[in-house]
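Working notes for the structure below.
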Amino acid sequence: MDARTAIEAEGFQLSFIGNGTADHLAAFLDQFPEAGQAFTDPSRATYRALDLRKGVGSLLSLGMVTNGLRAVRSGHKQGITAGDPMQQGGLAVFSRQGTRLFLHRDATAGDSMSAELLVEILQEINANARQRGRRASS
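The end of the sequence shown is residue 141 by my numbering, with every number in the run present.
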């Protein structure tokens with residue numbers, strides 16, 4: 004089972020938020036049509052609301068170099084940077100009511116969470132919710 008199917012099997016839906024222009028978003032969706040829901044927030048209000056890292060300090064780190072070397076060894080190449088290159092991303096899980104259930108803030112470039120770990124976290128969130136008598140994603 005691929006990660007998207009596993010995430011949806013847990014009752015969650017993927018959405019991506021970038022901070023580039025509408026043209027950047029269109030290019031992203033052309034490159035990754037399986038991405039599904041994707042939005043752009045050039046004002047970065049979403050990033051500020053989640054207190055995601057931004058600045059030179061998040062780029063100039065040993066972790067970024069390590070992540071970059073790992074990516075190159077795996078055959079990945081850096082594409083064109085769209086949006087604010089100083090803005091780090093993250094991963095947030097919300098219930099349908101808007102309650103934040105989980106947040107991962109990338110410390111530096113390439114510090115993205117694996118899909119496999121995300122699925123494990125969603126399974127744990129749902130297991131905890133079942134103990135309370137409901138599904139977390141509801």
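Glycine is no exception: its CB is placed at the ideal position from the N, C-alpha and C atoms.
Margin query: Let's see if you can read the secondary structure: which residues bound the beta strand (DSSP E) around A134?
Written below: Walking along the sequence shown from the start, residue 134 turns up at place 131. The sequence shown places Gln at residue 134, not Ala. Element bounds for Q134: not the beta strand (DSSP E) but the alpha helix (DSSP H), 118 to 134.
For Q40, which residues of its own chain have a beta-carbon under 8 Å away from its beta-carbon, when the five flanking residues on both sides are left out? For the purposes of this step, residue 40 is taken as the residue at position 37 of the sequence shown. If we look at Q40 and ignore the five residues flanking it on each side, its Cβ neighbours are Q16, L17, S18, F19.
query = Nearest to R103 by CA position, among M4, F42, T49, is which residue?
reply = Working through the sequence shown from its first residue, we reach residue 103 at position 100. If we check each option's Cα against that of R103, T49 comes out closest.
- Task: If I'm right that T111 touches Q91 with Cβ under 8 Å, what's the distance once you round it to whole angstroms?
- Result: If you number the sequence shown from 1, residue 111 lands on position 108. If you number the sequence shown from 1, residue 91 lands on position 88. Right, their Cβ atoms sit about 7 Å apart.
Using three-state DSSP, classify Q34 as helix, strand or coil.
By one-based count along the sequence shown, residue 34 stands at place 31. Helix.
TODO: Kindly identify the DSSP beta-bridge partner or partners of F42.
DONE: Against the sequence shown, residue 42 aligns to sequence position 39. BP columns for F42 point to I20.
Closest by C-alpha distance to K57, when choosing among E13, P88, Q134: Position 54 of the sequence shown holds residue 57. The shortest C-alpha separation from K57 is found at P88.
Worksheet item: Cβ of E13 within 8 Å of Cβ of N129?
Response: Working through the sequence shown from its first residue, we reach residue 13 at position 10. Working through the sequence shown from its first residue, we reach residue 129 at position 126. The answer is yes: Cβ separation under 8 Å.
List the DSSP bridge partners of F97. Along the sequence shown, one-based indexing puts residue 97 at 94. Answer by DSSP bridge pairing, in chain order: R103.
Is any heavy atom of the ligand MN found at a distance shorter than 7 Å from the C-beta of D44?
-> Inclusion of the ligand MN in the displayed structure is not the case, the ligand content being empty and no account of it being possible.
Alpha carbons only, please: which of G113, F42, R133 is nearest the one belonging to S77? The residue labelled residue 77 in the question sits at position 74 within the sequence shown. Checking every option, the nearest Cα to that of S77 belongs to G113.
**Request:** Measuring alpha carbon to alpha carbon, tell me which of S98, G93, Q100, F97 ends up nearest D109.
**Result:** Taking the sequence shown and counting its residues from 1, one reaches residue 109 at position 106. Comparing Cα-Cα distances from D109 to each of S98, G93, Q100, F97, the minimum goes to G93.
**Asked** Rounded C-beta distance between F97 and I124? I'm assuming under 8 Å.
**Response** Position 94 of the sequence shown, counted from the first residue, corresponds to residue 97. Position 121 of the sequence shown, counted from the first residue, corresponds to residue 124. Contact flag wrong, Cβ pair sits at about 13 Å.
(Q) Tell me which residue opens and which closes the alpha helix (DSSP H) that A6 is part of. (A) Walking along the sequence shown from the start, residue 6 turns up at place 3. Segment 6 to 12, the alpha helix (DSSP H) holding A6.
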